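Notes to accompany the following structure.
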Amino acid sequence: TGYDRKNLFIYLSGRSERGEGLYSQWELQRGFLKGNSFVCVNINPFKDKRQVYQLKLSPFGDIRFFHIRRDSKWGLYRSSISDVSKIEVKVKRLRDGKWNTYIKIPFSKLKSSPQKKSQWDFNVHCNPALGRGGDYAWNAAFGTGQMGNPLRLGIIQFV
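Under our numbering, think of the first position of the sequence shown as 61, with each following residue one higher.
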């Protein structure tokens with residue numbers, strides 16, 4: 061992960077236990093997968109434990125972008141952000157079920173820019189096989205299963 065004055069850059073690399081069979085499964089389910097998350101990035105620049113910007117990606121680079129808010133009375137609610145212009149995603153298939161994903165998110169989409177030494181809430185989860193078996197990676201306690209829950213984020217440190 062890195063950044064410049066205008067953008068946050070995220071680079072993910074992964075491997076599926078399905079090996080080469082992963083890619084043919086992606087192709088067979090192309091229409092279905094456009095609406096499902098292969099990689100999901102959760103970012104809260106405000107560190108308020110009440111909101112998160114969520115970027116969901118398909119294995120084909122399709123993007124869905126949400127703003128999720130947590131309300132003590134009503135719980136979590138999510139609104140879709142339809143303008144995904146200037147967000148860049150590249151998914152590269154390697155060999156044996158390995159893949160790389162490059163993501164560029166303009167800070168303007170996150171309504172904030174980092175200051176030196178600031179910390180943002182951050183989390184990534186990945187499901188390359190899209191719900192099948194143990195082929196799932198998550199970097200925080202899964203608990204309630206609410207992947208966009210602002211209470212379940214780690215941190216990213218800007219230097």
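Backbone N, C-alpha and C fix where the C-beta goes; we use that ideal spot for every residue, glycine too. Since we're looking at a predicted model, the values are computed, not measured.
Cβ separation of residue i and residue j, assumed to be a contact under 8 Å, to the nearest whole Å
i    : j    : result
K170 : I103 : The amino acid at residue 170 is misidentified as Lys; the sequence shows Leu. Going by Cβ atoms, the distance from L170 to I103 rounds to 6 Å, so yes, they are a contact pair.
Cutoff 6 Å; reference residue i; Cβ partners in own chain excluding five residues on either side
i    : result
F218 : P174 and S178
I163 : I70 and V149
I165 : L68 and I147
R138 : F126 and I128
D131 : none
K158 : R75
Limits of the beta strand (DSSP E) - the one that residue i falls within
i    : result
W180 : Q179 to C186
L213 : First-last for L213: undefined, no H or E at that position.
P166 : K158 to P166
S73  : N67 to R75
Cβ neighbours of residue i in the same chain (closer than 8 Å, five flanking residues each side left out)
i    : result
I123 : L115, K116, L117, V144, I147 and V149
R155 : E80
Chain-order list of residues whose beta-carbon lies under 7 Å from that of residue i (same chain, five-residue window excluded)
i   : result
S73 : N160
Continuous alpha helix (DSSP H) stretch holding residue i: start and end
i   : result
E87 : G81 to L88
Alpha-carbon spacing of residue i relative to residue j, whole angstroms
i    : j    : result
S172 : P105 : 6 Å
Q111 : R65  : 23 Å
Fully enclosed by the region 112 to 144, which beta strand (DSSP E) runs are 3 residues long or longer? 123 to 131 and 135 to 141
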